[in-house]
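Peer 1: Counting the sequence shown from 1 gives a position; our numbering is that position plus 151.
Yeah, the Cβ is synthetic: ideal placement off N, Cα and C, and Gly gets one too.
This is the structure I have questions about; it appears just below.
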Amino acid sequence: MNPIITLTTDFGLKDYFVGTLKGTIYKELHDARIVDISHNISPFNIQECAYILKNSYEHFPEGTIHIVGVDSEPTPENQHVAVLVNGHYFISANNGVIGLITSEIEPEKVVELNIPNPSHGSFPVLDVFVQVACHIARGGTLEVVGKSFDQLKDLREFSPTVMDNGNKIIGSVIYIDAYGNVVTNINRNFFEAYRKGRDFEITARTTKFTKIHNKYSDIINFDLDKGQRKGAGDRLALFNSANYIQLAIYKSDLNTVGGASTLLGLDFRDTVTVTFS
Numbered sequence: 152m153n154p155i156i157t158l159t160t161d162f163g164l165k166d167y168f169v170g171t172l173k174g175t176i177y178k179e180l181h182d183a184r185i186v187d188i189s190h191n192i193s194p195f196n197i198q199e200c201a202y203i204l205k206n207s208y209e210h211f212p213e214g215t216i217h218i219v220g221v222d223s224e225p226t227p228e229n230q231h232v233a234v235l236v237n238g239h240y241f242i243s244a245n246n247g248v249i250g251l252i253t254s255e256i257e258p259e260k261v262v263e264l265n266i267p268n269p270s271h272g273s274f275p276v277l278d279v280f281v282q283v284a285c286h287i288a289r290g291g292t293l294e295v296v297g298k299s300f301d302q303l304k305d306l307r308e309f310s311p312t313v314m315d316n317g318n319k320i321i322g323s324v325i326y327i328d329a330y331g332n333v334v335t336n337i338n339r340n341f342f343e344a345y346r347k348g349r350d351f352e353i354t355a356r357t358t359k360f361t362k363i364h365n366k367y368s369d370i371i372n373f374d375l376d377k378g379q380r381k382g383a384g385d386r387l388a389l390f391n392s393a394n395y396i397q398l399a400i401y402k403s404d405l406n407t408v409g410g411a412s413t414l415l416g417l418d419f420r421d422t423v424t425v426t427f428s
């Protein structure tokens with residue numbers, strides 16, 4: 152059975168690009184299994200792409216092939232690479248997306264792609280990445296399509312900074328989801344390593360939080376009458392399903408009442424600070 156091929160791009164769904172990718176894969180592999188992870192990555196947003204891919208790929212079986220179509224035009228500083236890590240294949244430009252995964256898990260193989268007679272058009276995901284994905288899906292090896300490579304870029308901006316002798320973490324907004332929830336780059340393990348049981352205060356612009364919940368409904372005290380409870384529209388901090396600190400509005404809706412991003416005035420790369428006391 153052919154392995155799964157996933158697609159993660161910033162192409163959106165208005166144009167023909169995603170359909171063309173799938174059609175070309177099906178021409179090469181009639182029984183291909185294609186899964187869309189996302190096609191709504193913000194244009195050229197490497198951090199957003201890395202966050203989504205890092206927190207989705209492990210839910211697929213080993214042997215899955217992940218095509219990453221964000222900032223994929225090749226340059227001398229943005230080489231095309233294929234990486235085997237944690238049993239998964241990634242085909243991407245060397246822009247930092249895969250570096251986030253390999254910063255935690257040593258890759259088994261990394262090659263710079265060098266396929267015969269490559270097309271040098273404006274659609275390298277189709278012209279190069281799909282060819283490589285189909286080659287791997289047929290059982291081909293990375294050595295056939297590339298040469299060994301040891302210069303994967305990492306995303307240094309993805310890591311928070313520790314200051315004041317471990318009493319303060321300076322993080323940033325790395326992702327805003329469809330509900331307007333604001334995801335920071337501070338994960339649970341990092342937070343707990345410096346907290347050491349102490350009280351804390353999370354500051355995002357003028358908003359402060361002194362508690363982190365494990366799920367949204369934790370802010371509701373069901374022992375109180377409904378008129379006295381917190382509920383829809385109240386703000387909270389929680390560890391999301393990817394174990395990152397997330398700032399949210401309970402039952403938010405960007406199209407009506409707004410979400411944390413709009414109501415708290417937060418955007419991509421804005422600073423979020425944790426102070427321990």
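With distance defined between alpha-carbon atoms, name the residue in L415, G214 and D350 nearest to D385.
Peer 2: D385 has its Cα closest to that of L415, out of L415, G214 and D350.
Peer 1: Please determine, among V261, Y345, D369 and L306, the residue with the shortest C-alpha to C-alpha distance to V313.
Peer 2: Y345
Peer 1: Where H239 and Y395 are concerned, what is the direct C-alpha to C-alpha distance, given to the nearest angstrom?
Peer 2: 23 Å
Peer 1: As a quick exercise: from Y208, L264, L251 and P258, pick the residue whose alpha carbon is nearest that of N229.
Peer 2: L264
Peer 1: Smallest Cα separation from A288: which of P154, F427 and T426?
Peer 2: P154
Peer 1: For S299, count neighbouring C-beta atoms within 10 Å of its own C-beta (all shown protein chains included) and say buried if the count is 16 or more, exposed if not.
Peer 2: exposed
Peer 1: Inspect the CB distances between the region 196–203 and the region 213–227 and report whether three or more fall short of 8 Å.
Peer 2: yes
Peer 1: Return the residue from the list D350, V261 and K165 that minimises the CA-CA distance to F427.
Peer 2: D350
Peer 1: Based on the DSSP output, what are the partners of A288 in its beta bridges?
Peer 2: Per DSSP, none; premise fails for A288.
Peer 1: Residues in its own chain within less than 6 Å of Y326 by CB, not counting five upstream and five downstream?
Peer 2: E199, Y202 and V334
Peer 1: Going straight from the alpha carbon of K402 to that of L389, what length do you get?
Peer 2: The straight-line gap from Cα to Cα measures roughly 14 Å.
Peer 1: With distances taken from CA atoms, which of Q379, V236, G291 and S273 is nearest T226?
Peer 2: The option with the nearest alpha carbon to T226 is S273.
Peer 1: So, is A383 buried or exposed, given that buried needs 16 or more other C-beta atoms within 10 angstroms?
Peer 2: exposed
Peer 1: Whole angstroms is fine: what's the gap from A284's alpha carbon to V295's?
Peer 2: 12 Å
Peer 1: Taking only runs of the alpha helix (DSSP H) that begin and end inside the region 328–405, which ones reach a length of at least 4 residues, in chain order?
Peer 2: Counting whole runs of 4 or more residues, the region 328–405 contains the alpha helix (DSSP H) stretches 339–346.
Peer 1: Going by C-alpha distance, which of N316, N336 and T160 is nearest P194?
Peer 2: T160
Peer 1: Would I400 and G331 be called neighbours here (beta carbons separated by less than 8 Å)?
Peer 2: yes
Peer 1: If you measure between the beta carbons of L204 and I188, is that distance less than 8 Å?
Peer 2: yes
Peer 1: Tell me where the alpha helix (DSSP H) around A233 begins and ends.
Peer 2: Counting along the chain, A233 falls outside any alpha helix (DSSP H), though it belongs to the beta strand (DSSP E) covering H231 to V236.
Peer 1: How would you write the range of the alpha helix (DSSP H) that A201 sits in, first residue to last?
Peer 2: I197 to K205
Peer 1: Can you tell me whether T424 is buried or exposed, with buried defined as 16 or more other CB within 10 angstroms of its CB?
Peer 2: buried
Peer 1: Buried or exposed for P267, please, with buried defined as at least 16 other CB atoms from any protein chain shown within 10 angstroms of its CB.
Peer 2: exposed
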